[in-house]
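Q:
In my numbering, the protein residues as written are 11 to 498.
1) On the CB-based measure, 16 or more other CB atoms within 10 Å of its CB, does residue 342 come out buried or exposed?
2) Going by beta carbon distance, what residues of the same chain come within less than 7 Å of residue 217, once the five residues before and after it are set aside?
3) Between the Cα of residue 79 and the Cα atoms of 62, 201, 94, which residue gives the shortest distance?
4) Assuming residue 298 is part of the beta strand (DSSP E), what are its boundary residues?
5) Residue 253 and residue 305 - do their beta-carbons sit closer together than 9 Å?
6) Mapping DSSP to helix, strand and coil, what is residue 65?
7) From residue 234 to residue 260, what does the alpha carbon distance come to, in whole angstroms?
8) Could you check whether residue 440 and residue 362 sit closer than 9 Å to each other, using their CB atoms as the reference points?
9) Let's test the definition: count the other Cβ atoms within 10 Å of the Cβ of residue 55 and tell me whether it reaches 16, buried, or not, exposed.
10) Please decide whether residue 95 counts as near chain C, where near means a Cβ-Cβ distance under 9 Å.
11) At what residues does the beta strand (DSSP E) containing residue 426 begin and finish?
12) In angstroms, rounded to a whole number, what distance separates the CA positions of residue 32 and residue 138?
13) What's the call for residue 364, buried or exposed, on a 16-neighbour Cβ count within 10 Å?
14) In whole angstroms, give me the CA-to-CA distance for residue 321 and residue 280.
15) Is residue 362 helix, strand or coil by DSSP?
16) Identify which residue in 413, 345, 332, 328 has its Cα closest to the Cα of residue 369.
17) Can you tell which of 444, 367, 426, 434 has its C-alpha closest to the C-alpha of residue 415?
18) Using 9 Å as the threshold, is the C-beta distance between residue 59 and residue 103 below it?
19) Measuring CA to CA, which of 231, 250, 232 is closest to residue 240?
20) Which residues does DSSP list as the beta-bridge partners of residue 110?
21) Does the Cβ of residue 77 have 16 or more other Cβ atoms within 10 Å, making it buried, or fewer, making it exposed?
22) Relative to the C-alpha of residue 422, which candidate in 101, 146, 318, 118 has its C-alpha closest?
23) Taking 9 Å as the threshold (C-beta atoms), are residue 277 and residue 353 in contact?
24) Quick check on the burial criterion: 16 or more other C-beta atoms within 10 angstroms. Buried or exposed for residue 47?
25) Does residue 296 pass the burial test, meaning 16 or more other C-beta atoms within 10 Å, or should it be called exposed?
26) Comparing alpha-carbon positions, which option in 266, 154, 125 lies nearest residue 42?
27) If you follow the alpha helix (DSSP H) that residue 144 is in, where does it begin and where does it stop?
28) Going by the beta-carbon positions, is the gap between residue 349 and residue 290 smaller than 9 Å?
29) By Cβ distance, which residues of its chain are closer than 6 Å to residue 98, with the 5 residues on each side in sequence left out?
30) For the beta strand (DSSP E) containing residue 255, name the first residue and the last one.
31) Could you pull out every unbroken beta strand (DSSP E) segment of at least 3 residues lying fully inside the region 323-365, listed in chain order?
32) Where does the unbroken beta strand (DSSP E) through residue 80 begin, and where does it stop?
33) In whole angstroms, what separates the C-alpha of residue 176 from that of residue 182?
34) Specify, as a first and last residue, the run of the beta strand (DSSP E) that residue 189 falls within.
35) List the whole-angstrom C-beta distance separating residue 346 from residue 187, where the pair is believed to meet the contact cut-off of C-beta under 8 Å.
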């Protein structure tokens with residue numbers, strides 16, 4: 011650069027390189043200071059032939075703020091033949107680096123810090139030791155393979171004479187085990203057959219008391235006169251419902267019966283809200299009660315027609331337990347598994363002729379032509395009620411009883427589901443108790459009756475004892491209730 015026509019231009023062109031050079035030196039000084047916190051840097055020694063560049067020493071001294079020296083000779087180095095050689099004299103600045111590394115290797119220097127990053131040093135160490143690690147692993151693998159081959163050779167050799175007695179004993183034990191197992195399975199099969207036969211003989215014993223409890227519950231749900239009410243003679247003021255028939259039909263899944271009722275909204279409206287929202291489930295029975303009553307109190311809706319039905323037998327069938335006046339303890343109803351009681355057929359306000367003292371026998375029938383019963387006495391023919399109009403009633407002819415009146419008779423059919431529930435699985439408290447605070451139909455109705463009165467709709471009950479009610483028919487086309495079916 012000193013020999014160039016324009017040295018200043020050369021320095022200006024190399025200025026970015028010099029700046030990077032200064033930055034690298036400062037980074038190295040910072041790393042050294044962080045590693046050796048007690049060391050104090052006083053001067054910098056330049057090395058390498060590049061330091062011969064004129065002005066470089068002054069440039070570094072100005073930018074690094076340290077004294078920068080240039081090495082011209084080695085005071086402790088001996089060997090005149092080398093020191094005086096022209097090649098050594100020309101490259102004396104480049105000899106600084108190997109000279110320093112040699113001194114560090116001999117541990118003759120006071121400074122042992124290396125600027126080489128630890129990652130590079132670790133990688134070099136691993137690369138240097140890798141051949142030894144591979145040789146060690148190969149030796150271990152070879153030793154393991156030889157050991158495995160030896161054990162395999164020993165394991166593959168079998169001494170038949172040594173193990174044959176033990177094998178014979180094992181074979182005999184397996185034969186004995188097979189014989190015992192066959193005998194056990196035969197006895198187990200025979201026991202199962204006997205148990206099934208015994209279960210068929212006693213299966214009815216588990217549920218026969220449940221049937222008696224259901225019949226008792228139905229009886230307790232029927233209204234009755236108590237106290238001074240027993241002296242009332244007017245049939246329209248008596249708390250009495252005639253139960254004409256009780257039938258039961260078995261269902262493998264009682265929910266099918268409930269699904270058939272969903273299309274008949276007037277029937278569902280006679281159920282309590284909890285039963286309308288959730289149908290019965292499981293195997294059980296559907297009971298059908300064919301009933302009639304003559305209760306007709308014009309001053310109380312709950313004491314006439316279907317209101318009397320809802321406030322008495324239908325409301326009681328929805329109770330967890332029923333306690334009649336004078337009884338010592340309540341009788342379980344819903345607790346037995348009874349639910350979803352509803353009116354499936356109804357014929358309110360049927361006009362009938364009522365004879366308070368009974369119909370008198372006709373003169374033509376009272377003689378010898380009258381049917382005989384035990385003792386030769388004629389069979390009574392009087393009937394307190396008869397359906398009107400009937401031109402053959404004695405009240406319209408000579409010899410009849412003129413003391414008669416027309417009264418209203420309500421015919422209806424009630425159905426409910428019963429899923430037999432063993433005693434140990436019955437709930438201790440009423441699951442519907444929180445819902446029992448709903449306002450009843452009438453103040454005189456039972457507390458847990460949640461049935462909303464609906465417009466009466468006529469329907470024909472089953473004639474064969476089947477539990478499924480006939481579809482409701484319009485009230486404008488009345489149809490008489492068919493004869494009651496026999497109880498099953």
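Ideal Cβ positions, reconstructed from N, Cα and C, are used throughout, including at glycine.
A: Walking through what the data contain:
1) Against the chain shown, residue 342 aligns to sequence position 332. Here residue 342 is buried. Its C-beta has 16 or more other C-beta atoms within 10 Å.
2) Here residue 217 refers to the residue found at position 207 when the chain shown is read from its first residue. Only 430 meet the Cβ criterion.
3) As a position in the chain shown, residue 79 is number 69, starting the count at 1. Ranked by Cα distance from residue 79, the first of 62, 201, 94 is 62.
4) Indexing the chain shown from 1 puts residue 298 at position 288. The continuous beta strand (DSSP E) containing residue 298 extends over residues 294-303.
5) Counting from 1 along the chain shown, the entry for residue 305 is found at position 295. Counting from 1 along the chain shown, the entry for residue 253 is found at position 243. Taking 9 Å as the cut-off, the beta carbon of residue 305 is found no closer than this to the beta carbon of residue 253.
6) Position 55 of the chain shown, counted from the start, is the residue given in the question as residue 65. Assignment of residue 65 by DSSP, reduced to helix, strand and coil, places it in the coil class.
7) Translated into the one-based positions of the chain shown, residue 234 becomes position 224. Translated into the one-based positions of the chain shown, residue 260 becomes position 250. Each residue's CA atom was taken as its position, placing residue 234 and residue 260 some 30 Å apart.
8) The residue labelled residue 362 in the question sits at position 352 within the chain shown. The residue labelled residue 440 in the question sits at position 430 within the chain shown. Not in contact: residue 362 and residue 440 (Cβ atoms no closer than 9 Å).
9) The residue labelled residue 55 in the question sits at position 45 within the chain shown. By the neighbour-count criterion, in which a residue is buried when 16 or more other Cβ atoms sit within 10 angstroms of its Cβ, residue 55 is exposed.
10) Although the question refers to chain C, the structure presented lacks it and comprises just one protein chain.
11) The residue you call residue 426 lines up with position 416 of the chain shown. That run of the beta strand (DSSP E) goes 415-428.
12) Within the chain shown, the letter at position 22 stands for residue 32. Within the chain shown, the letter at position 128 stands for residue 138. Using only the alpha carbons, I get a separation of about 34 Å.
13) Numbered from its first residue, the chain shown carries residue 364 at position 354. Of the other Cβ atoms in all chains shown, 16 or more fall within 10 Å of the Cβ of residue 364; this residue is therefore buried.
14) Sequence index remark: in the chain shown, residue 321 carries index 311 (1-based). Sequence index remark: in the chain shown, residue 280 carries index 270 (1-based). Residue 321 and residue 280: Cα-Cα distance of roughly 12 Å.
15) Indexing the chain shown from 1 puts residue 362 at position 352. Of the three classes helix, strand and coil, the one that applies to residue 362 here is strand, per DSSP.
16) Counting from 1 along the chain shown, the entry for residue 369 is found at position 359. If you compare the alpha carbons of 413, 345, 332, 328 with that of residue 369, the shortest gap goes to 413.
17) As a position in the chain shown, residue 415 is number 405, starting the count at 1. Measuring from the Cα of residue 415, the nearest candidate turns out to be 367.
18) In the chain shown, residue 59 corresponds to position 49, counting from 1. In the chain shown, residue 103 corresponds to position 93, counting from 1. It is a contact, given that the beta carbons lie within the stated cut-off.
19) Sequence index remark: in the chain shown, residue 240 carries index 230 (1-based). For the residues 231, 250, 232, the minimum Cα distance to residue 240 belongs to 250.
20) Here residue 110 corresponds to residue number 100 of the chain shown, with the count starting at 1. Paired residue(s): none; residue 110 is not in a bridge.
21) Taking the chain shown and counting its residues from 1, the one referred to as residue 77 is at position 67. It is exposed - the Cβ of residue 77 has fewer than 16 other Cβ atoms within 10 Å.
22) Taking the first residue of the chain shown as position 1, residue 422 is located at position 412. Out of 101, 146, 318, 118, 318 has the C-alpha closest to the C-alpha of residue 422.
23) In the chain shown, the residue the question calls residue 353 occupies position 343. In the chain shown, the residue the question calls residue 277 occupies position 267. At a Cβ-Cβ threshold of 9 Å, residue 353 and residue 277 count as neighbours.
24) Translated into positions along the chain shown, residue 47 becomes position 37. Exposed.
25) Taking the first residue of the chain shown as position 1, residue 296 is located at position 286. Taking every protein chain shown into account, the CB of residue 296 has 16 or more other CB atoms within 10 angstroms, so this residue is buried.
26) Locating residue 42 in the chain shown gives position 32, counting from the first residue. When C-alpha distances from residue 42 are compared across 266, 154, 125, the shortest belongs to 125.
27) Numbered from its first residue, the chain shown carries residue 144 at position 134. Note, residue 144: alpha helix (DSSP H), 128-165.
28) The residue given as residue 349 occupies position 339 in the chain shown. The residue given as residue 290 occupies position 280 in the chain shown. Result yes, Cβ atoms of residue 349 and residue 290 sit closer than 9 Å.
29) For the purposes of this step, residue 98 is identified with residue 88 of the chain shown, where counting begins at 1. Counting only Cβ-Cβ distances below 6 Å, and skipping sequence neighbours, we find 92.
30) Here the question's residue 255 lines up with position 245 in the chain shown. Annotation for residue 255: the continuous beta strand (DSSP E) segment containing it runs 252-261.
31) DSSP runs (the beta strand (DSSP E)) wholly in the region 323-365: 348-364.
32) For the purposes of this step, residue 80 is identified with residue 70 of the chain shown, where counting begins at 1. Here the beta strand (DSSP E) through residue 80 covers 77-80.
33) Locating residue 176 in the chain shown gives position 166, where the first residue counts as 1. Locating residue 182 in the chain shown gives position 172, where the first residue counts as 1. Computed Cα separation, rounded: 10 Å.
34) On the chain shown, residue 189 is found 179 positions in, with the first residue counted as 1. Element bounds for residue 189: not the beta strand (DSSP E) but the alpha helix (DSSP H), 170-212.
35) Numbered from 1 along the chain shown, position 336 holds the residue referred to as residue 346. Numbered from 1 along the chain shown, position 177 holds the residue referred to as residue 187. So it is not a contact: roughly 52 Å between Cβ atoms.
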